[in-house]
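Asker: Residue numbers (the working numbering), protein chains in the order written: chain A, 1 to 209; chain B, 210 to 418. Glycine included, every Cβ here is placed at the ideal spot set by N, Cα and C.
Number of protein chains: 2
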Amino acid sequence: METRTEARRPERKLTRKGEQTRRRIVAAAAQLMYERGVTEATLEDVRAAAGVSGSQVYHYFADKQELLLAVIEYQTQSVLDMQQPLFADLDTMEGLRRWRDALVEYQLRLQCRGGCPIGSLGSEVAETNPEARLAAATGFVRWEAAIRSGLQAMHDRGELDADPEDLALATLAALQGGLLLTQLQREVRPLEVALDAMLAHIASRRVSS
Amino acid sequence: METRTEARRPERKLTRKGEQTRRRIVAAAAQLMYERGVTEATLEDVRAAAGVSGSQVYHYFADKQELLLAVIEYQTQSVLDMQQPLFADLDTMEGLRRWRDALVEYQLRLQCRGGCPIGSLGSEVAETNPEARLAAATGFVRWEAAIRSGLQAMHDRGELDADPEDLALATLAALQGGLLLTQLQREVRPLEVALDAMLAHIASRRVSS
DNA sequence: TGAAAAATGGGTTGTCCAATCCAAAATCTG
DNA sequence: CAGATTTTGGATTGGACAACCCATTTTTCA
């Protein structure tokens, strides 16, 4: 797969059916790339998993690269959607703790497999695919913004004596590192202690008014 | 590349020259796999980069999998060797800070490219290659142990009111997450704030005797 | 020093996979 | 409903790459 630097081709108009088929392909590709990595997920696998035939994939995507970019956006949206209900409460320690618990719980359900969908993709493409690297980086920027907004609210209420931007970025880093180690060790403990340490750090910066 | 679960073949005896050639192959493979990822680093590339010809690679390694395992061990050793001088001082806040500075400095020199050699390999192979996943996990266990021993010394002196094992694991997680985000964003800030937050957390658990 | 073992060179094979093509069926739109 | 457009099916091609083979040269060591 070559890295393309050209502009995205103009979106063709899709019928309802076409839209559905496209969606199915992206979802199947996302799943396979998550399970096996980008290079090991062949378009033949994607074709079969999506239940489409022959040239379908190339009818909706110029090449594997374009499909990959769609998958990165799809995974970013999925990850954010899943946490959406929890983001609203990240302006209290209780909310942060519920968020932490949910992340740990989720990894347990997955038996510590898979890691972070964005992080895994990002790591794989970072050095060989500038466009995809940027897409993953953008996903993380959105994720970080969601975390920051809770901490910012805490800060605005005068309850936090630290830069919310730094704290949010550090928290996301701890989460990513925790997920990676959890994935490799097949134990949730790395994720738990990483998040706990970061929450303790945040708590220690709280102002007892 | 298929995942082999069989036992390692008995090491053949190597001459001095053979030893050197093997080393060159592993070093070249490590570099290429670091730059391009495992699947994109072809054995033809490795052959050329190592300056060996034709069947050399298969003379020293049964298949790509065996070479990959050798590379993971090689990278683990490299990473630990590079930090060795700093590990000894991880029992003081000053030592921890010097370690932090060195890691940040190193990423700056690399222009934030490449990420962590072990983490990148680990992430790529985690879900498709149990043996390689285990090798990467083992590398991290060794790394964690090196960090822990400093914190353990602090704890043993009664200067640290926290579990050194948890702190070491959390610190490694923050480091890994920081490296990943730094690699994707091409800025050192994620690594800086992740490590700073963790050092601040450790400092906050210090006992002012 | 000479036979055995190890190292090297280069060619070959079979498979897998991204990408392309052409024609047929379904769907939309005036 | 009819012509245009979109969607689908299946077959094919061309290239890349892991893995294998055998002959030749170099090194070891008895």
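What separation, rounded to the nearest whole angstrom, lies between the Cα atoms of glutamate 165 of chain A and arginine 351 of chain B?
Answerer: Counting from 1 along the first sequence, the entry for residue 165 of chain A is found at position 165. Counting from 1 along the second sequence, the entry for residue 351 of chain B is found at position 142. Their backbone Cα atoms lie some 32 Å apart in a straight line.
Asker: Report yes or no: do the segment 350-365 of chain B and the segment 278-297 of chain B share at least 3 C-beta pairs separated by less than 8 Å?
Answerer: In short, these stretches touch, since the Cβ pair count reaches three.
Asker: Can you say whether histidine 268 of chain B is buried or exposed, counting buried as having 16 or more other CB atoms within 10 angstroms of its CB?
Answerer: Taking the first residue of the second sequence as position 1, residue 268 of chain B is located at position 59. Histidine 268 of chain B is exposed by the Cβ-count criterion.
Asker: Quick one: which chain B residues come within Cβ less than 7 Å of valine 193 of chain A?
Answerer: The residue labelled residue 193 of chain A in the question sits at position 193 within the first sequence. Per Cβ cutoff of 7 Å: Asp375, Leu378, Ala379.
Asker: What residue does the alpha helix (DSSP H) around threonine 230 of chain B start on, and which one ends it?
Answerer: For the purposes of this step, residue 230 of chain B is identified with residue 21 of the second sequence, where counting begins at 1. Looking at the DSSP string, the run of the alpha helix (DSSP H) that includes threonine 230 of chain B is 225-245.
Asker: Show which residues of chain B have a CB atom less than 9 Å away from the CB atom of methionine 157 of chain A.
Answerer: Start at 1 with the first residue of the first sequence, and residue 157 of chain A comes out as number 157. Reading the sequence as shown, one finds arginine at residue 157 of chain A and not methionine. Within 9 Å Cβ-Cβ: nothing; arginine 157 of chain A doesn't reach chain B, min ~21 Å.
Asker: What do you reckon, are the CB atoms on valine 104 of chain A and leucine 378 of chain B nearer than 8 Å?
Answerer: Residue numbering aside, residue 104 of chain A sits at position 104 when the first sequence is read from its first letter. Residue numbering aside, residue 378 of chain B sits at position 169 when the second sequence is read from its first letter. No, these two residues do not count as a Cβ contact at 8 Å.
Asker: Buried or exposed for tyrosine 315 of chain B, going by 16 or more other Cβ atoms inside 10 Å?
Answerer: By one-based count along the second sequence, residue 315 of chain B stands at place 106. Exposed: under 16 other Cβ atoms inside 10 Å.
Asker: Measuring only between beta-carbons, confirm whether glycine 178 of chain A sits less than 8 Å from chain B.
Answerer: The residue labelled residue 178 of chain A in the question sits at position 178 within the first sequence. Yes, its Cβ sits closer than 8 Å to a Cβ of chain B.
Asker: In chain A, which residues lie with their C-beta within 9 Å of the C-beta of arginine 322 of chain B?
Answerer: Position 113 of the second sequence, counted from the first residue, corresponds to residue 322 of chain B. Result: Ala126, Glu127.
Asker: Along the chain, where does the alpha helix (DSSP H) containing glycine 296 of chain B start, and where does it finish?
Answerer: As a working note, residue 296 of chain B is residue 87 in the second sequence. Checking the sequence shown, residue 296 of chain B turns out to be phenylalanine, not glycine. Phenylalanine 296 of chain B -> alpha helix (DSSP H) spans 273-296.
Asker: How is the alpha helix (DSSP H) around threonine 182 of chain A delimited, first residue to last?
Answerer: Locating residue 182 of chain A in the first sequence gives position 182, counting from the first residue. First-last of the alpha helix (DSSP H) with threonine 182 of chain A: 164-185.
Asker: Just the C-alpha distance for arginine 307 of chain B and threonine 301 of chain B, rounded to the nearest angstrom, thanks.
Answerer: As a position in the second sequence, residue 307 of chain B is number 98, starting the count at 1. As a position in the second sequence, residue 301 of chain B is number 92, starting the count at 1. So the alpha carbons of these two residues sit roughly 10 Å apart.
Asker: Taking just the CA atoms, how far does proline 190 of chain A sit from glutamate 215 of chain B?
Answerer: On the second sequence, residue 215 of chain B is found 6 positions in, with the first residue counted as 1. On the first sequence, residue 190 of chain A is found 190 positions in, with the first residue counted as 1. Its pLDDT being 41, under 50, glutamate 215 of chain B is placed unreliably in this model, and the value from its coordinates should be taken loosely. Roughly 29 Å between the two C-alpha positions.
Asker: Around the Cβ of glycine 387 of chain B, are there at least 16 other Cβ atoms within 10 angstroms (buried) or fewer (exposed)?
Answerer: Taking the first residue of the second sequence as 1, we reach residue 387 of chain B at position 178. Glycine 387 of chain B is buried by the Cβ-count criterion.
Asker: Could you have a look at arginine 415 of chain B and say whether DSSP puts it in helix, strand or coil?
Answerer: Sequence index remark: in the second sequence, residue 415 of chain B carries index 206 (1-based). Note: arginine 415 of chain B maps to strand in three-state DSSP.
Asker: Measuring CA to CA, which of A/Gly115, A/Thr171, A/His201, A/Leu134 is closest to glutamate 187 of chain A?
Answerer: By 1-based counting over the first sequence, the position of residue 187 of chain A is 187. Of the listed residues, the one whose Cα sits closest to glutamate 187 of chain A is A/Gly115.
Asker: Distance cutoff 8 Å, beta carbons only. Does arginine 245 of chain B sit that close to anything in chain A?
Answerer: Counting from one through the second sequence, the residue named residue 245 of chain B turns up at place 36. Yes, contact with chain A.
Asker: If contacts are defined as beta-carbon pairs under 8 Å, then glutamate 249 of chain B and threonine 128 of chain A qualify, I think. What distance do you get, rounded to the angstrom?
Answerer: What you label residue 249 of chain B is simply residue 40 of the second sequence in a count that begins at 1. What you label residue 128 of chain A is simply residue 128 of the first sequence in a count that begins at 1. With 8 Å as the limit, glutamate 249 of chain B and threonine 128 of chain A qualify as a contact, their Cβ atoms being about 6 Å apart.
Asker: Go ahead and label serine 208 of chain A buried or exposed: buried means 16 or more other beta carbons lie within 10 angstroms of its beta carbon, across all protein chains shown.
Answerer: In the first sequence, counting from the first residue as 1, residue 208 of chain A sits at position 208. Serine 208 of chain A comes out exposed.
Asker: Put threonine 212 of chain B into one of helix, strand or coil per three-state DSSP.
Answerer: On the second sequence, position 3 is the one that residue 212 of chain B refers to. Confidence at threonine 212 of chain B is low in this model, with a pLDDT of 42, below 50, so the placement of that residue should be treated as unreliable; the coordinate-derived value is given next. Note: threonine 212 of chain B maps to coil in three-state DSSP.
Asker: Can you say whether arginine 309 of chain B is buried or exposed, counting buried as having 16 or more other CB atoms within 10 angstroms of its CB?
Answerer: Residue 309 of chain B sits at position 100 when you count from the first residue of the second sequence. So arginine 309 of chain B ends up on the buried side.
Asker: Any C-beta of chain B sitting closer than 8 Å to the C-beta of serine 204 of chain A?
Answerer: Your numbering for residue 204 of chain A matches position 204 in the first sequence. Yes, serine 204 of chain A lies at the interface with chain B (some Cβ there is under 8 Å from its Cβ).
Asker: Cα separation between arginine 113 of chain A and arginine 318 of chain B?
Answerer: Here residue 113 of chain A refers to the residue found at position 113 of the first sequence. Here residue 318 of chain B refers to the residue found at position 109 of the second sequence. Roughly 33 Å between the two C-alpha positions.
Asker: Suppose the cutoff is 7 Å on Cβ atoms and the five residues either side in sequence are ignored; what does the same chain contact list for isoleucine 356 of chain B look like?
Answerer: Within the second sequence, numbered from 1, the residue matching residue 356 of chain B stands at position 147. Leu299, Ala377, Thr380, Leu381, listed in sequence order.
Asker: I'd like the list of long-range same chain contacts for glycine 54 of chain A, defined as Cβ closer than 8 Å, with 5 residues on each side in sequence excluded.
Answerer: The sequence position of residue 54 of chain A within the first sequence is 54, counting from 1. Once the five neighbours on either side are set aside, the close Cβ partners of glycine 54 of chain A are Arg47.
Asker: For the segment 119-148 of chain A, which residues have a CB atom closer than 7 Å to at least one CB atom of chain B, in sequence order?
Answerer: The segment 119-148 of chain A vs chain B, Cβ under 7 Å: Gly119, Ser120, Gly122, Ser123, Glu124, Ala126, Glu127, Thr128, Arg133, Ala136, Ala137, Phe140.
Asker: Distance cutoff 8 Å, beta carbons only. Does threonine 251 of chain B sit that close to anything in chain A?
Answerer: In the second sequence, counting from the first residue as 1, residue 251 of chain B sits at position 42. So, not an interface residue.
Asker: Just verifying my parser: in three-state terms, what is the DSSP assignment at leucine 199 of chain A?
Answerer: On the first sequence, residue 199 of chain A is found 199 positions in, with the first residue counted as 1. It is helical.
Asker: Output needed for glycine 95 of chain A: all residues of its chain with C-beta closer than 8 Å, excluding positions within five of it in sequence on either side, in chain order.
Answerer: In the first sequence, counting from the first residue as 1, residue 95 of chain A sits at position 95. Excluding residues within five positions, the ones whose Cβ falls inside 8 Å are Leu86, Ala88, Asp89, Gly150.
Asker: With a threshold of 16 other CB atoms inside 10 Å of the CB of leucine 14 of chain A, please say whether the residue is buried or exposed.
Answerer: Here residue 14 of chain A refers to the residue found at position 14 when the first sequence is read from its first residue. Label assigned to leucine 14 of chain A: exposed.
Asker: Counting only C-beta atoms, is glutamine 20 of chain A closer than 8 Å to chain B at any point?
Answerer: The residue given as residue 20 of chain A occupies position 20 in the first sequence. Closer than 8 Å: no.
Asker: Determine, using beta carbons only, whether isoleucine 117 of chain A and tyrosine 34 of chain A come nearer to each other than 8 Å.
Answerer: Position 117 of the first sequence, counted from the start, is the residue given in the question as residue 117 of chain A. Position 34 of the first sequence, counted from the start, is the residue given in the question as residue 34 of chain A. According to the sequence shown, residue 117 of chain A is proline rather than isoleucine. For proline 117 of chain A and tyrosine 34 of chain A, yes; Cβs fall inside 8 Å.
Asker: By the 10 Å Cβ neighbour count, where 16 or more other Cβ atoms means buried, how is lysine 17 of chain A classified, buried or exposed?
Answerer: As a first step, residue 17 of chain A is located in the first sequence; it is residue number 17 there, counting from the start. Lysine 17 of chain A should be labelled exposed.
Asker: Does the beta carbon of threonine 285 of chain B sit closer than 8 Å to a beta carbon anywhere in chain A?
Answerer: Here residue 285 of chain B is taken as the residue at index 76 of the second sequence, counted from 1. With 8 Å as the cut-off, threonine 285 of chain B does not count as an interface residue toward chain A.
Asker: How about alanine 238 of chain B and valine 280 of chain B: do their beta carbons lie closer than 8 Å?
Answerer: Residue numbering aside, residue 238 of chain B sits at position 29 when the second sequence is read from its first letter. Residue numbering aside, residue 280 of chain B sits at position 71 when the second sequence is read from its first letter. Yes, the pair counts as a contact, with Cβ atoms nearer than the cut-off.
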